[in-house]
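One line per chain: the protein sequences are A and B, in this order.
Read in order, the letters of the first sequence correspond to residues 1 to 111 in our numbering.
Read in order, the letters of the second sequence correspond to residues 112 to 226 in our numbering.
Cβ atoms here follow ideal geometry from the backbone N, Cα and C, with glycine treated the same way.
For clarity, every value in this text was computed on a predicted model and none was experimentally measured.
Please read the structure below before turning to the comments.
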Amino acid sequence: SQQGEEDPQALSIQEGENATMNCSYKTSINNLQWYRQNSGRGLVHLILIRSNEREKHSGRLRVTLDTSKKSSSLLITASRAADTASYFCATDGAGRRALTFGSGTRLQVQP
Amino acid sequence: DAGVIQSPRHEVTEMGQEVTLRCKPISGHNSLFWYRQTMMRGLELLIYFNNNVPIDDSGMPEDRFSAKMPNASFSTLKIQPSEPRDSAVYFCASSFGLAVSYEQYFGPGTRLTVT
Numbered sequence: 001s002q003q004g005e006e007d008p009q010a011l012s013i014q015e016g017e018n019a020t021m022n023c024s025y026k027t028s029i030n031n032l033q034w035y036r037q038n039s040g041r042g043l044v045h046l047i048l049i050r051s052n053e054r055e056k057h058s059g060r061l062r063v064t065l066d067t068s069k070k071s072s073s074l075l076i077t078a079s080r081a082a083d084t085a086s087y088f089c090a091t092d093g094a095g096r097r098a099l100t101f102g103s104g105t106r107l108q109v110q111p
Numbered sequence: 112d113a114g115v116i117q118s119p120r121h122e123v124t125e126m127g128q129e130v131t132l133r134c135k136p137i138s139g140h141n142s143l144f145w146y147r148q149t150m151m152r153g154l155e156l157l158i159y160f161n162n163n164v165p166i167d168d169s170g171m172p173e174d175r176f177s178a179k180m181p182n183a184s185f186s187t188l189k190i191q192p193s194e195p196r197d198s199a200v201y202f203c204a205s206s207f208g209l210a211v212s213y214e215q216y217f218g219p220g221t222r223l224t225v226t
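Written as structure tokens, this is what we have:
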């Protein structure tokens, strides 16, 4: 089973609105990463948050981590049509030394 | 740097044929990962290497799949014989280290269709 599970599976918003995606995981982690995948392309790293961090910002991105609830959220503020993509969380843990990716959230930003 | 390079970008083959996918990681990266992505199963880690040595191949679906990394700048993923259920997009990724605190850089992928 997936270590990370994102919800919602799909999200459609209007340009300028904020988009929030959530990730839940099962076992304890050292780090959690978020990636973006545009249609037909490879994944691109967005941000990494460590297990001892609670919040991190990068431009219009805000990531939170709640290790007690084993969950993370990715907030994209003032969304743009170019933010249309799938977003994945990736975690370590579950006895593996490599990242395990969730199933992703498909974000559609309507212009 | 050109990023992670994969070839071919598209491959269409008939069931039973041998398929070889190629990857050139980013220069200076010492970890390389092979993933498979399908609608049904999402993104699956197949195998990863550190300093050209396979570390974990538990994600390789069966013996028909094999991967090699003869040097720091080249890796192959081979499927022999191929089956229709192997149809997927195969990604190669590299990173500076194996620790999960390092970000991974993905190639553009190889879309494999087995008929």
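Excluding the 5 residues flanking it on each side, Leu209 (chain B) has same chain C-beta neighbours closer than 6 angstroms at Ser142 and Asn161, in chain order. At a cut-off of 8 angstroms between C-beta atoms, Arg36 (chain A) does not count as an interface residue with respect to chain B. In the DSSP assignment, Phe185 (chain B) falls within the unbroken beta strand (DSSP E) covering Phe185 to Ile190. Here the alpha carbon of Ile47 (chain A) sits roughly 21 angstroms from the alpha carbon of Glu17 (chain A). Residues of chain B with a Cβ closer than 7 angstroms to the Cβ of Asn52 (chain A) do not exist, since the nearest Cβ in that chain sits about 12 angstroms away. Cβ-Cβ distances below 6 angstroms link Glu55 (chain A) to Thr64 in the same chain, with the five nearest sequence neighbours on each side left out; the list follows chain order. The beta-carbon separation of Ser193 (chain B) and Met126 (chain B), rounded to 6 angstroms, stays under the 8 angstroms limit for a contact. A buried status is given to Asn31 (chain A), since no fewer than 16 other beta-carbon atoms sit within 10 Å of its beta-carbon.
When beta bridges are read from the DSSP output, Tyr87 (chain A) appears opposite A:Arg36 and A:Thr105. Around the beta carbon of His121 (chain B), fewer than 16 other beta carbons sit within 10 angstroms, so the residue counts as exposed.
Contact annotation for Gly153 (chain B) against chain A: Gln2, Phe101, Gly102, Ser103 and Gly104 [CB-CB distance below 8 angstroms, chain order].
By the C-beta criterion, the stretch 84-94 of chain A is judged not to be in contact with the stretch 166-180 of chain B, since fewer than 3 inter-stretch pairs fall below 8 angstroms.
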